[in-house]
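In numbering that gives the first Met the number 0, the protein residues as written are 0 to 230.
Beta carbons are placed, not taken as given, at the ideal position from N, Cα and C, and that holds for glycine.
Below: one structure, written as structure tokens.
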Amino acid sequence: MEIADHPDEVVVPPGLPGLLTTLADRLEGRLALVSGRAIAALEAMLGPLDIAMAGSHGGEFRPAGTRTVQPLAAPIARSVIARLRDFAQANGDMLVEPKPYSVAVHYRRHPEALEGLLACAQTLAHSDGLHFKHGKQVIELVMPGSDKGAAVDAFMRLDGFAGARPLFLGDDVTDEDAFRAMAPHGGAGVLVGPPRASAAHWRLPDVASVHAWLHAALDASPSSEGSGKPA
Ligand SMILES: O=P(O)(O)OC[C@H]1O[C@H](O[C@H]2O[C@H](CO)[C@@H](O)[C@H](O)[C@H]2O)[C@H](O)[C@@H](O)[C@@H]1O
Numbered sequence: 000m001e002i003a004d005h006p007d008e009v010v011v012p013p014g015l016p017g018l019l020t021t022l023a024d025r026l027e028g029r030l031a032l033v034s035g036r037a038i039a040a041l042e043a044m045l046g047p048l049d050i051a052m053a054g055s056h057g058g059e060f061r062p063a064g065t066r067t068v069q070p071l072a073a074p075i076a077r078s079v080i081a082r083l084r085d086f087a088q089a090n091g092d093m094l095v096e097p098k099p100y101s102v103a104v105h106y107r108r109h110p111e112a113l114e115g116l117l118a119c120a121q122t123l124a125h126s127d128g129l130h131f132k133h134g135k136q137v138i139e140l141v142m143p144g145s146d147k148g149a150a151v152d153a154f155m156r157l158d159g160f161a162g163a164r165p166l167f168l169g170d171d172v173t174d175e176d177a178f179r180a181m182a183p184h185g186g187a188g189v190l191v192g193p194p195r196a197s198a199a200h201w202r203l204p205d206v207a208s209v210h211a212w213l214h215a216a217l218d219a220s221p222s223s224e225g226s227g228k229p230a
């Protein structure tokens, strides 16, 4: 999906949920969505999908075949969210996005507030023992132990994934933890976007090329009937 000005304005291409479901079926369940967003936010965008998911940067984890979300971290303290809300309100009413195991503050509409936001977030990270992430026009505080690499490792311990050679596609700096987690499993990362220093071994230039690659993979897979189109 392409970046939008506001998280609620993301446009999901109409064929994407079907494409993901078809891929998951073709891979016999060995497909997982690993996101900085909450699992609830992923489902609000994509609809209810029976696909393995990890949200809140790996703080929450849900294998396929269940609606039960397992925590991989402790919930973030309400006092941290309240402090960031106070800062955001005092600085142009920046968007605060609380998630079960992390909290994001979006400064896309208020770049002038970035310096103060970084100082506020780093102070909170230090005082409350949180990890700090700086994504695309967003800063996030997450519970220790929750990152996308930890989520990858948790999936790879499941029977359905164990022994598979994983590929992880991502565009954000927060995807680097997952790219680094690929090597011990014999897998590789695929950076989506322009070249940058990255632990990924491969690169696709943009979201459109990811969709094209996934459709080509479906077309080429042995059980495909040739259309590559999701059912
Ligand atoms: O791991 P991801 O699935 O890539 O999630 C990363 C963050 O995505 C969202 O923020 C980003 O997308 C927004 C909508 O396009 C954009 O407005 C924002 O600037 C981006 O940082 C989401 O809101 C965050 O919670 C995720 O951590």
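ask   = Three-state secondary structure (DSSP) at His210?
value = Walking along the sequence shown from the start, residue 210 turns up at place 211. Secondary structure of His210 (DSSP, three-state): helix.
Coarse secondary structure for Ile75, derived from DSSP in three states = Within the sequence shown, the letter at position 76 stands for residue 75. If DSSP states are grouped into helix, strand and coil, Ile75 belongs with coil.
task = Classify His5 as buried or exposed, calling it buried when 16 or more other Cβ atoms lie within 10 Å of its own Cβ.
result = Against the sequence shown, residue 5 aligns to sequence position 6. The residue is exposed, with fewer than 16 neighbouring Cβ atoms inside 10 Å.
query = Apart from the five residues on each side of it in sequence, which residues of its chain come closer than 7 Å, Cβ to Cβ, to Lys147?
reply = Against the sequence shown, residue 147 aligns to sequence position 148. Correct list, in chain order: Val33, His56, Gly57, Thr173, Asp174, Asp176 and Ala177.
query = From His133 to Asp7, what does the alpha carbon distance come to, in whole angstroms?
reply = On the sequence shown, position 134 is the one that residue 133 refers to. On the sequence shown, position 8 is the one that residue 7 refers to. Cα-Cα distance, rounded: 20 Å.
query = Hey, is the stretch 153–164 in contact with the stretch 120–133, meaning 3+ C-beta pairs nearer than 8 Å?
reply = no
inquiry  = Which residue marks the beginning of the alpha helix (DSSP H) containing Ser126, and which one marks its end?
reply    = Within the sequence shown, numbered from 1, the residue matching residue 126 stands at position 127. From DSSP, the alpha helix (DSSP H) with Ser126 extends over Leu113 to Asp127.
key: Per DSSP, cross-strand counterpart(s) of Gln69   = As a working mapping, residue 69 is identified with position 70 in the sequence shown. Looking at the DSSP assignment, Gln69 forms a beta bridge with Phe60.
ask   = Do the stretch 177–195 and the stretch 14–26 make contact, defined as three or more Cβ pairs closer than 8 Å?
value = With the cut-off at 8 Å, the stretch 177–195 and the stretch 14–26 do not touch.
request  = Might you give, ordered along the chain, the residues of its own chain that have their beta carbon closer than 6 Å to the beta carbon of Val137, omitting 5 neighbours on each side?
outcome  = What you label residue 137 is simply residue 138 of the sequence shown in a count that begins at 1. Counting only Cβ-Cβ distances below 6 Å, and skipping sequence neighbours, we find Ala103 and His105.
request  = List the whole-angstrom C-beta distance separating Ala53 from Gly28, where the pair is believed to meet the contact cut-off of C-beta under 8 Å.
outcome  = Along the sequence shown, one-based indexing puts residue 53 at 54. Along the sequence shown, one-based indexing puts residue 28 at 29. Not confirmed; about 15 Å, so no contact.
request  = Enumerate in chain order the residues of its own chain whose CB-to-CB distance from Ile80 is below 6 Å, with the five nearest sequence positions on each side excluded.
outcome  = Translated into the one-based positions of the sequence shown, residue 80 becomes position 81. If we look at Ile80 and ignore the five residues flanking it on each side, its Cβ neighbours are Pro97 and Val102.
ask   = Going by DSSP, what residues sit across from Leu48 in a beta bridge?
value = Residue mapping note: residue 48 aligns to position 49 of the sequence shown, counting from 1. For Leu48, which the question treats as bridged, DSSP gives no partner whatsoever.
task = Please go through the same chain and pick out, in chain order, the residues whose beta-carbon is closer than 6 Å to the beta-carbon of Glu1, but skip the five residues on each side of it.
result = Residue numbering aside, residue 1 sits at position 2 when the sequence shown is read from its first letter. Contacts found: Val206.
query = Sorry if obvious, but does the Cβ on Pro194 come closer than 8 Å to a heavy atom of ligand 1?
reply = On the sequence shown, residue 194 is found 195 positions in, with the first residue counted as 1. No, the Cβ of Pro194 stays beyond 8 Å of every heavy atom of ligand 1.
ask   = Smallest Cα separation from Asp127: which of Leu117, Ala163 and Met142?
value = Here residue 127 refers to the residue found at position 128 of the sequence shown. Ranking Leu117, Ala163 and Met142 by Cα distance to Asp127 puts Met142 first.
request  = Taking the CB atoms as reference points, tell me whether Gly188 and Leu217 lie closer together than 9 Å.
outcome  = Taking the first residue of the sequence shown as 1, we reach residue 188 at position 189. Taking the first residue of the sequence shown as 1, we reach residue 217 at position 218. Contact: no.
ask   = Ala180 lies in the alpha helix (DSSP H); which residues open and close that run?
value = Position 181 of the sequence shown, counted from the first residue, corresponds to residue 180. Segment Glu175 to Met181, the alpha helix (DSSP H) holding Ala180.
request  = Spatial neighbours of Ala153 within its chain, please: CB distance less than 8 Å, with the 5 preceding and 5 following residues excluded, ordered by chain position.
outcome  = As a first step, residue 153 is located in the sequence shown; it is residue number 154 there, counting from the start. If we look at Ala153 and ignore the five residues flanking it on each side, its Cβ neighbours are Ala53, Gly57, Phe60 and Leu71.
ask   = Beta-carbon separation of Leu140 and Leu94 under 9 Å?
value = Against the sequence shown, residue 140 aligns to sequence position 141. Against the sequence shown, residue 94 aligns to sequence position 95. Remark: C-beta atoms of Leu140 and Leu94 do not approach each other more closely than 9 Å.
query = First and last residue of the alpha helix (DSSP H) that includes Pro12?
reply = Taking the first residue of the sequence shown as position 1, residue 12 is located at position 13. Unbroken run through Pro12: none, as it is neither H nor E.
ask   = DSSP three-state call for Ser55: helix, strand or coil?
value = Locating residue 55 in the sequence shown gives position 56, counting from the first residue. DSSP places Ser55 in helix when its eight states are reduced to three.
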